[in-house]
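Step one of this worksheet: look at the structure below.
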Amino acid sequence: MSEPIRIGIGGPVGAGKTQLVERITRHMSREISMAAITNDIYTIEDAKILAANGILPEDRIIGVETGGCPHTAIREDTSMNTAAIEELKRRHPDLQVIFVESGGDNLSATFSPELVDFSIYIIDVAQGEKIPRKAGQGMIKSDLFIINKTDLAPYVGADLSIMERDSKEFRGDKPFCFTNLKTDEGLEKVIEWIRHDVLMLDLAE
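Following UniProt numbering, the numbering of the sequence shown begins with 1 at its first residue and continues without gaps.
This is the structure in structure tokens:
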């Protein structure tokens with residue numbers, strides 16, 4: 001049995017990390033075998049939310065209480081997340097993808113290459129149109145960059161064209177997309193990236 005691909009999902013608090021996992025797993029559950037790990041400092045609240053609102057059974061979700069800086073658990077000391085990955089593999093030998101959702105962190109948070117194979121970094125429009133211009137390491141180094149909650153742009157005075165221009169500048173050839181996960185707008189681009197760039201399913205067809 002081949003090893004499951006591990007996809008890290010990072011981003012600030014409230015950007016939509018848990019919702020992204022929920023929407024991806026809901027749309028791809030018939031296609032591939034998936035599981036998820038959530039990181040919180042003192043609770044397993046995101047794991048509970050994912051279990052209550054998502055399509056993944058509870059035994060495919062593990063909540064990790066980092067007990068400190070969430071950045072450390074995905075970068076410097078990944079032992080708790082590594083143990084959770086091994087437990088999910090033991091429970092479900094058929095797993096193809098494991099999502100590792102970081103706790104809310106700053107723009108410089110990145111995943112250890114020993115922990116994940118690919119990474120997604122997600123921000124939301126409400127943080128302001130200048131955020132992509134700051135070009136934090138999470139946004140620069142991630143394999144896919146997502147700007148979520150596009151529906152809020154008119155209410156916070158954010159110009160999506162400016163965010164797009166700045167994202168293209170620091171991302172170069174790396175992919176990024178806009179989403180409104182509340183309505184699934186833009187989600188198809190995320191799923192296409194997973195199918196094509198991560199799983200390479202089109203090569204098997």
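Every residue gets a Cβ at the ideal spot worked out from N, C-alpha and C, and that includes glycine.
Q. Is the segment 40 to 49 touching the segment 134 to 154, taking contact as three or more C-beta pairs under 8 Å?
A. The segment 40 to 49 is not in contact with the segment 134 to 154.
Q: Would you give the residue range spanned by the alpha helix (DSSP H) that A109 belongs to?
A: Stepping through the sequence shown from its first residue, residue 109 is reached at position 109. Unbroken run through A109: none, as it is neither H nor E.
Q: Answer with buried or exposed for Y121, where buried requires no fewer than 16 other C-beta atoms within 10 angstroms of its C-beta.
A: For the purposes of this step, residue 121 is taken as residue 121 along the sequence shown, with counting starting at 1. Counting the other Cβ atoms within 10 Å of the Cβ of Y121 gives 16 or more, which makes it buried.
Q.
Measuring alpha carbon to alpha carbon, tell me which residue in V13, G54, P113 is nearest I5.
A. As a working note, residue 5 is residue 5 in the sequence shown. Closest by alpha carbon: P113.
Q.
Quick check on the DSSP output: the alpha helix (DSSP H) that includes T38 runs from which residue to which?
A. Within the sequence shown, the letter at position 38 stands for residue 38. Where T38 is concerned, there is no enclosing alpha helix (DSSP H), although the beta strand (DSSP E) it sits in stretches over 34 to 40.
Q) Can you name, in chain order, every residue of its own chain whose Cβ lies under 6 Å from the Cβ of D166, other than the five neighbours on each side? A) Here residue 166 refers to the residue found at position 166 of the sequence shown. Around D166: P132, R133.
(Q) Starting from R6, trace the beta strand (DSSP E) in both directions and tell me its first and last residue. (A) Stepping through the sequence shown from its first residue, residue 6 is reached at position 6. Per DSSP, R6 belongs to the beta strand (DSSP E) from 5 to 10.
Q. Do you know how far the Cα of I194 is from the Cα of M34?
A. Against the sequence shown, residue 34 aligns to sequence position 34. Against the sequence shown, residue 194 aligns to sequence position 194. M34 and I194: Cα-Cα distance of roughly 12 Å.
Q) Whose CA, out of I85, H27, L160, lies closest to the CA of F176? A) Working through the sequence shown from its first residue, we reach residue 176 at position 176. Of the listed residues, the one whose Cα sits closest to F176 is L160.
Q) So what does DSSP say about I74, is it helix, strand or coil? A) Counting from 1 along the sequence shown, the entry for residue 74 is found at position 74. The DSSP-derived three-state label of I74 is helix.
Q.
Quick check on G63: does DSSP put it in helix, strand or coil?
A. Mapped onto the sequence shown, residue 63 falls at position 63. Strand, per DSSP.
(Q) Taking the alpha-carbon of K149 as reference, which of K168, R60, Q137, G128 has the nearest alpha-carbon? (A) Within the sequence shown, the letter at position 149 stands for residue 149. Considering only alpha carbons, the answer is G128.
**Q.** Contact set for H196: own chain, Cβ-Cβ below 8 Å, skip 5 residues either direction
**A.** Here residue 196 refers to the residue found at position 196 when the sequence shown is read from its first residue. Sequence-distant Cβ neighbours of H196 in its own chain, meaning closer than 8 Å and more than five residues away, are D202.
Q | Through-space distance from E86 to I61, alpha-carbon basis | A | Position 61 of the sequence shown, counting from 1, holds the residue named residue 61. Position 86 of the sequence shown, counting from 1, holds the residue named residue 86. C-alpha of I61 to C-alpha of E86: approximately 12 Å in a straight line.
Q. Looking only at DSSP bridge pairs, what is V97 linked to?
A. Working through the sequence shown from its first residue, we reach residue 97 at position 97. Its beta-bridge partners are I5, M34.
Q. Among the residues of its own chain, which have a CB less than 6 Å from the CB of K189, if the five just before and after it don't count?
A. Along the sequence shown, read from residue 1 onward, the residue named residue 189 stands at position 189. By the criterion of a C-beta distance shorter than 6 Å, K189 is surrounded in its chain by C177, once the five residues flanking it on both sides are discounted.
Q. What residues in its chain sit with their C-beta under 6 Å from that of R26, if we drop five residues either side in the sequence?
A. Within the sequence shown, numbered from 1, the residue matching residue 26 stands at position 26. Closer than 6 Å at the Cβ level, and outside the excluded window around R26, lie I55.
(Q) Please state the DSSP three-state secondary structure of S167. (A) As a working note, residue 167 is residue 167 in the sequence shown. DSSP places S167 in helix when its eight states are reduced to three.
Q. Per DSSP, what kind of secondary structure is L160 in: helix, strand or coil?
A. For the purposes of this step, residue 160 is identified with residue 160 of the sequence shown, where counting begins at 1. Reduced to three states, the DSSP call for L160 is helix.
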